[in-house]
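One structure below.
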Amino acid sequence: MFRVSVYVSPKKGVADPQGAAVERALPALGHSGVRNIRVGRYITLEVEGDDAEKVKADVDDMCRRLLANPIIEDYFFEIAPAGSESSSAKRQPSSAVSERSGAEPQPREGT
Amino acid sequence: MTSRRVRFGIVVFPGSNCEYDTHHALSTFSEAEPYYLWHKDHDLRDPDCIVLPGGFSYGDYLRTGAIARFSPIMREVAAFASDGGLVLGICNGFQILTEAHLLHGALRRNRGLRFVCRAQHLRVERTDTPFTRRLRVGQVIQIPVNHNEGNWTAGVDHLQHIEKEGLVAFRYCDPEGNVSDAANPNGAVNNVAGLFSEGLNILGMMPHPERVCEAILGGTDGRAIFQSIIDTVLEP
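Protein chains in written order, with the numbering used here: chain A, 1 to 111; chain B, 1 to 236.
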């Protein structure tokens, strides 16, 4: 069993209306100098299996076909054996396997 | 002349809410025979045109249309479309068609995060298609929009291809037909309001033509789209 954390965010160069709205709201709270806010999605799941490579391939398929829309979103995920830590949501990026999407070149933040 | 009627299969997903409007609008055409399909059906029952109606399929969870795309019936809809069958996606139906990769691009939250519900002018971009043959290029029609995720976008390469191939069906415009940012209700790239597939047999559009099919409801500009489909089937 593996615990998986999937992070989905708007692709670079794709306008992010939510991020823009949050960015406009922060100065009202007295936080100035904040830029490039991107609002994404954090998904956790548990996947049965013993083979980390197979789980990685499965999760990548899930991400490409449903959890993210690769046309407008990037994703990456981390997997760690379940039970390696208590069931709390504590992340262990150091020991986790991390996979990142974006084999294709990113469009440049444009003018 | 035979009395053949044009069969419109309207797919109902959990959370669809424009299927009755669509059925009612089609029932005002003497040549149309609308009927409902449930998203778990496997048999499309010999349609001439499949309509994916507006609404909030699966509560818009994850992304609009993302889960409906995997409904059992979508496999049949994709096969029907790949054989050249006519498919019309309205609002949430458009979102489902992009998620299913039957149409280019994706639909994001509206610019300004504002739900828009208003009458909207559209400029007709192309009329040599099964959905628009009753219209004129450059004609301005008025069809209401009612959505939160109508902000269409596509990658730069796709966008160039889409424009080069003339796959844009309608653009948001002002009453005079000027395609401007001020007339854009949601931030859609190039003011795209409706889009054809490569084969021109699929149309996705954010505005709701089924809501302007009777004068008593405020307009009749939507009729030209349904009439075009009927003409295409009866007089190909």
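C-beta atoms are modelled at their ideal positions from N, C-alpha and C, and glycine is treated no differently. Keep in mind that this is a model prediction, so the values were computed, not measured.
Option in the options with minimal Cα separation from residue i
| i | options | result |
| --- | --- | --- |
| B:Leu195 | B:Val124, B:Gln142, B:Asn178 and B:Gly219 | B:Val124 |
| B:Leu88 | B:Glu210, B:Cys117 and B:Asn191 | B:Glu210 |
| A:Val4 | A:Ala57, A:Asp74 and A:Arg65 | A:Ala57 |
| A:Phe2 | A:Ile37, A:Lys54, A:Lys11 and A:Ile72 | A:Lys54 |
| B:Leu37 | B:Phe29, B:Ile73 and B:Arg5 | B:Ile73 |
| B:Ala25 | B:Gly222, B:Arg118 and B:Ser228 | B:Gly222 |
| A:Val34 | A:Asp51, A:Tyr75, A:Ala21 and A:Val59 | A:Ala21 |
| B:Arg118 | B:Thr129, B:Tyr58, B:Arg108 and B:Gln142 | B:Gln142 |
| A:Ile37 | A:Asp51, A:Pro10 and A:Ala28 | A:Pro10 |
| B:Ala81 | B:Pro14, B:Val212, B:Ser197 and B:Asn110 | B:Ser197 |
| B:Pro130 | B:Gln227, B:Leu217 and B:Arg111 | B:Gln227 |
| A:Val8 | A:Asp16, A:Val14, A:Arg41 and A:Arg24 | A:Arg41 |
| B:Phe70 | B:Gly55, B:Ile90, B:Ile216 and B:Leu97 | B:Leu97 |
| B:Arg4 | B:Ser30, B:Glu176 and B:Phe170 | B:Ser30 |
Rounded separation between residue i and residue j - CA only
| i | j | result |
| --- | --- | --- |
| B:Ala224 | B:Asp21 | 16 Å |
| B:Thr220 | A:Ile71 | 35 Å |
| B:Val51 | B:Ile10 | 5 Å |
| B:Ile162 | B:Val168 | 7 Å |
| A:Thr44 | B:Cys213 | 46 Å |
| B:Val116 | B:Ser180 | 17 Å |
| B:Ala100 | A:Gly30 | 43 Å |
| B:Thr127 | A:Asp74 | 37 Å |
| B:Leu44 | B:Ala32 | 16 Å |
| B:Ala68 | B:Gly84 | 22 Å |
| A:Leu67 | B:Val145 | 28 Å |
| B:Ser57 | A:Arg24 | 31 Å |
| B:Thr40 | B:Asp48 | Correcting the residue identity first, residue 40 of chain B is Lys in this sequence and not Thr. Roughly 20 Å between the two C-alpha positions. |
| A:Ser88 | B:Asn148 | Because A:Ser88 sits at a pLDDT of 43, beneath the cut-off of 50, its placement in the model cannot be relied upon, and the point is left open. |
| B:Val77 | B:Phe13 | 13 Å |
| B:Gly15 | B:Thr132 | 28 Å |
| B:Ile90 | B:Arg63 | 16 Å |
| B:Leu122 | B:Tyr61 | 29 Å |
| A:Glu78 | A:Val59 | 10 Å |
| B:Asn190 | A:Leu26 | 30 Å |
| B:Trp152 | B:His208 | 16 Å |
Residue i, DSSP secondary structure in three states
| i | result |
| --- | --- |
| A:Leu29 | helix |
| B:Ser197 | coil |
| B:His208 | coil |
| B:His101 | coil |
| B:Cys213 | coil |
| A:Arg65 | helix |
| B:His39 | coil |
| B:Ile225 | helix |
| A:Asp58 | helix |
| B:Phe170 | strand |
| B:Gln142 | strand |
| B:Thr127 | coil |
| B:Leu135 | coil |
| B:Ser71 | coil |
| B:Ser27 | helix |
| A:Glu48 | coil |
| A:Pro10 | strand |
| B:Val77 | helix |
| B:Tyr61 | coil |
| B:Phe94 | helix |
| A:Val22 | helix |
### Query
When you check each C-beta in the stretch 29-61 of chain A against every C-beta of chain B, which residues fall closer than 7 Å?
Look at the stretch 29-61 of chain A: it has no residue with a C-beta under 7 Å from a C-beta of chain B.
### Query
Between the stretch 184-204 of chain B and chain A, which residues of the former have CB atoms less than 8 Å from a CB of the latter, in chain order?
For chain A, the residues of the stretch 184-204 of chain B that bring a beta carbon within less than 8 Å of one of its beta carbons are Gly187, in chain order.
### Message
Any C-beta of chain B within less than 7 Å: which residues of the stretch 17-29 of chain A qualify?
### Response
Going along the stretch 17-29 of chain A in chain order, one finds Pro17, Gln18 and Ala21 with a Cβ nearer than 7 Å to chain B.
#### Entry: Segment contact, 8 Å Cβ cut-off, at least three pairs: the stretch 93-109 of chain B with the stretch 127-145 of chain B
With the cut-off at 8 Å, the stretch 93-109 of chain B and the stretch 127-145 of chain B do not touch.
### Query
In chain order, what residues of the stretch 130-155 of chain B put their CB closer than 9 Å to some CB of chain A?
For chain A, the residues of the stretch 130-155 of chain B that bring a beta carbon within less than 9 Å of one of its beta carbons are Asn151, Thr153, Ala154 and Gly155, in chain order.
### Message
Along the stretch 62-93 of chain B, where does the CB come closer than 9 Å to a CB of chain A? Name the residues.
### Response
Shown in chain order are the members of the stretch 62-93 of chain B whose Cβ falls below 9 Å from a Cβ of chain A: Leu62, Arg63, Ala66, Ile67, Arg69 and Phe70.
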